[in-house]
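Per this note's numbering, numbering of the sequence shown is gapless, rising by one per residue and ending at 155. Don't be surprised by glycine CBs; every beta carbon is placed ideally from N, CA and C. It should be emphasised that the depicted structure is a prediction, and the values quoted were computed from it without experimental measurement.
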Amino acid sequence: MKQQKQKWAVACITFHPPADWEARMELVKRAERRLYLWKNSNEPTSEVQATVLHEGHVNEGLGPALKALLEQAKADGYDYLWYLDQDTTFTIESLEFVNEFLEKHAFPSSYSAIRFAEWQQLSPEANQLT
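Here's what the structure looks like:
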């Protein structure tokens, strides 16, 4: 991937993640993105290179996990954090798309939520940010 103007990382919250989860997280490493991980269960993730903020036997839910992940990414100097559910399917092209999207669009507020839909189904007018 080319040099990024915007500094962004990836975060995932897990609770008994599916078998293919580690393979998808390997894509984050290949894309040279930092991975933040909040584990609500103790399955081994020895092959996943991540900053683990929590590893426990109790599912603490989404709210506390997202708050901690966002705070840590901000403290580490990241401009954006892409949150993925443990069962979110993505490819290396998905990561490249996010990078290109962030390079093209500025977000004036401190916090923004972006929902990506299947791009080819949107009209050209819907692809424009207002």
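Spatial neighbours of residue i in its chain, beta-carbon cut-off 7 angstroms, leaving aside the 5 residues before and after
{"i": "A49", "result": "This sequence places Arg at residue 49; Ala is not what is there. The answer, listed in chain order, is F115."}
{"i": "K30", "result": "Bear in mind that a pLDDT of 45 at K30, under 50, signals an unreliable position, so the number given afterwards is only what the model happens to contain. Excluding residues within five positions, the ones whose Cβ falls inside 7 angstroms are E128."}
{"i": "L91", "result": "Y108"}
Straight-line Cα distance separating residue j from residue i
{"i": "L87", "j": "P42", "result": "15 angstroms"}
{"i": "R55", "j": "V83", "result": "31 angstroms"}
{"i": "A104", "j": "A44", "result": "What sits at residue 104 in the sequence shown is Asp, not Ala. Going from the Cα of D104 to the Cα of A44 covers about 31 angstroms."}
{"i": "A34", "j": "E57", "result": "9 angstroms"}
{"i": "F126", "j": "L120", "result": "10 angstroms"}
{"i": "I139", "j": "P69", "result": "31 angstroms"}
{"i": "F40", "j": "Q111", "result": "8 angstroms"}
{"i": "A131", "j": "L106", "result": "15 angstroms"}
{"i": "I117", "j": "N124", "result": "11 angstroms"}
{"i": "T113", "j": "E96", "result": "22 angstroms"}
{"i": "P89", "j": "A100", "result": "16 angstroms"}
DSSP bridge partner residues for residue i (one or two, in chain order)
{"i": "A36", "result": "Y61, Y108"}
{"i": "V77", "result": "L62"}
6 angstroms CB neighbourhood of residue i in its chain, flanking five on each side removed
{"i": "F122", "result": "none"}
{"i": "T76", "result": "Y61"}
{"i": "V73", "result": "E47, M50"}
{"i": "T53", "result": "In the sequence as presented, Thr is not what sits at residue 53; that position holds Val. These residues qualify, in order along the chain: V35, L60."}
{"i": "Y108", "result": "A36"}
With 16 other Cβ atoms within 10 Å as the buried cut-off, status of residue i
{"i": "A98", "result": "buried"}
{"i": "I38", "result": "buried"}
{"i": "N67", "result": "exposed"}
Contacting residues, own chain, Cβ-Cβ under 8 angstroms from residue i (five flanking each side not counted)
{"i": "G102", "result": "K32"}
{"i": "E80", "result": "K64, N67"}
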